[in-house]
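Under the numbering used here, residues 10 to 367 are what the sequence shown spells out, in order.
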Amino acid sequence: MRTYKIAAIPGDGIGTEVVDAGVEVLDALAKREGTFAFHFDHFAWGGEYYKKHGRMMPENGRDLIRHHDAILFGSAGHPEIPDHITLWGLRLAICQPFDQYANVRPTRILPGITSPLRAVKDTELDWVIVRENSEGEYAGVGGRVHQGSPLEAATDVAIFTRAGVERVMRFAFGLARSRPRKLLTVVTKSNAQRHAMVMWDEIAAEIAREFPDVTSDKMLVDAMTMRMVIRPQSLDTIVATNLHADILSDLAAALAGSLGIAPTANLNPERNFPSMFEPIHGSAFDIMGKGIANPVGTFWSGVMMLEHLGENAAGRRLMKAIERVTVDPALHTPDLGGSANTRKVTDAVISAIRADNT
Ligand code: NAD
Ligand code: MN
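Structure (structure tokens):
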């Protein structure tokens with residue numbers, strides 16, 4: 010029997026609560042399938058580790074997880090530590106060296122969930138956002154001088170490389186091709202940013218020629234926010250830069266009912282390194298420790314992990330169990346207007362997995 014080695018990195022805040030729930034559900038699923046197993050290694054890295062050791066993960070941290078089949082991640086973010094330290098010290102310290110350049114973020118209105126877009130039927134919103142995840146505005150290049158003086162200056166330089174843009178465009182066109190509508194929207198800001206964004210557009214047009222069966226169009230990012238709200242049916246697959254997609258995917262998550270539901274996969278498509286699966290939300294300081302975090306985003310990330318591992322039938326079973334649970338308002342957590350807690354939702358998903366006889 011195949012055993013998948015998974016590195017579980019819960020991080021901080023509700024990250025620990027939802028990853029615990031995710032591990033339980035994935036174990037129950039593997040038992041139900043009976044054809045594979047999971048072996049989870051838990052790495053208690055993050056804010057508490059930082060307070061003891063002055064860093065978010067050990068110096069050889071990446072070596073400890075490099076040979077795992079996948080990474081299940083919670084959230085980097087601690088109330089007592091600046092966000093740029095927690096983010097760069099843990100999440101980006103894994104994503105960037107492991108070259109997880111394609112960040113895939115599906116959005117659907119799951120059965121039983123109400124979108125704030127009241128006019129839209131659940132079947133009319135089915136998107137996947139592909140976020141460039143290795144360079145762009147989050148390249149980490151820049152500097153700060155004369156701190157505290159009136160002459161203080163700071164830069165964050167966005168770096169776009171032809172190789173980086175080509176590979177994420179090719180990935181996005183390929184993903185669009187694999188979906189029924191074969192429709193890709195390329196998000197840009199080449200009216201105001203006249204160097205890198207113009208190259209971005211040019212490369213998109215070049216790669217489009219390799220995919221004659223995919224229809225593509227181009228949207229300025231500001232107008233894109235309007236289109237997502239006003240004509241959600243007109244969108245399917247979307248590709249955008251690191252910063253633009255970061256923002257658009259939080260909007261997408263809210264339009265689909267809650268940030269607590271949205272999943273993501275940080276993929277290294279060449280599989281030279283493990284890929285990483287996580288809910289898109291953060292540590293949620295306002296609700297941490299209360300046991301009411303919505304674990305659905307982590308469960309759905311588990312579905313994406315199963316698909317990546319080639320366990321498609323198990324992925325479908327887990328998605329079905331998730332939808333069985335979202336359809337019941339008594340199993341909604343407070344972010345969805347309900348009063349269920351993490352434990353209750355987790356138990357319900359596990360029961361739905363066990364009850365599924367197909
Ligand atoms: P957040 O996602 O933690 O929370 C935003 C709001 O959504 C909060 O009101 C929160 O209660 C709610 N929410 C989020 N997930 C939820 C869930 N599963 N169930 C119910 N409600 C949920 O974003 P933030 O407040 O901007 O950031 C808090 C910390 O998390 C910061 O340190 C930030 O840097 C970090 N963060 C980390 C990641 C990551 O590691 N991928 C992503 C975003 C934010
Ligand atoms: Mn974000």
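The beta carbon of each residue, even a glycine, is placed where N, CA and C say it ideally should be. If you're wondering where the values come from, they're calculated on a predicted model, not measured in any experiment.
At a threshold of 8 Å, does G20 count as lining the ligand NAD (C-beta to nearest heavy atom)?
yes
How many Å lie between N303 and V150 at the Cα?
35 Å
Three-state secondary structure (DSSP) of V336
coil
CB of H369 to nearest heavy atom of the ligand NAD: below 8 Å?
Residue 369 cannot be examined here, being either before or after the span of the chain that is shown, 10 to 367.
Using 9 Å as the threshold, is the C-beta distance between L184 and V139 below it?
yes
Under the rule that 16 or more other beta-carbon atoms within 10 Å means buried, what is R176, buried or exposed?
buried
Give the range of the beta strand (DSSP E) segment to which Y13 is assigned.
11 to 20
Kindly examine the ligand NAD and report whether one of its heavy atoms sits closer than 8 Å to the Cβ of D138.
A small fix is needed here, since residue 138 is Ile in this sequence, not Asp. Checking the Cβ of I138 against the ligand NAD gives no.
What whole-angstrom Cβ distance do S292 and I23 have, given they're in contact under 8 Å?
6 Å
Does the beta-carbon distance from L345 to G306 come in below 9 Å?
no
My guess is that T133 and Q242 are in contact by the Cβ rule of under 8 Å, so how many angstroms apart are they, rounded?
What sits at residue 133 in the sequence shown is Glu, not Thr. The pair is a contact, with the Cβ atoms about 4 Å apart (cut-off 8 Å).
Would you check if the region 311 to 330 and the region 21 to 38 touch, i.e. whether three or more CB-CB distances between them fall below 8 Å?
yes
Just confirm the distance between the C-beta atoms of E89 and T351, as a whole number of angstroms; I'd bet it's less than 8 Å.
In fact, because the Cβ distance is near 23 Å, the residues do not count as touching under 8 Å.
Buried or exposed (CB count within 10 angstroms, at least 16 for buried), L244:
buried
Less than 9 Å between the beta carbons of I289 and P272, yes or no?
yes
When you compare each of A217, V129, H204 to F182 by their alpha carbons, which one comes out closest?
A217
Classify V230 as helix, strand or coil using the three-state DSSP reduction.
helix
Looking at the strands, I want to know which residues DSSP matches up with E141.
A111
Taking the straight line between their C-alpha atoms, what separation do you get for N281 and A254?
24 Å
Got a sec, what are the start and stop residues for the alpha helix (DSSP H) D29 sits in?
23 to 42
Give the secondary structure of T307 by DSSP, where H, G and I count as helix, E and B as strand, and everything else as coil.
helix
Three or more C-beta pairs under 8 Å: does that hold for the region 213 to 228 against the region 187 to 197?
yes
Along the chain, where does the beta strand (DSSP E) that runs through A79 open and close?
79 to 84
Please determine, among H76, R100, L38, the residue with the shortest C-alpha to C-alpha distance to M66.
R100
Pair every Cβ in the region 48 to 57 with every Cβ in the region 319 to 329, then say whether three or more of these pairs are closer than 8 Å.
no
Can the beta-carbon of Q109 be found less than 9 Å from the beta-carbon of N142?
yes
Go through its chain and collect everything with a Cβ distance to R114's Cβ below 6 Å, but skip five positions before and after it.
I138, S258, T273
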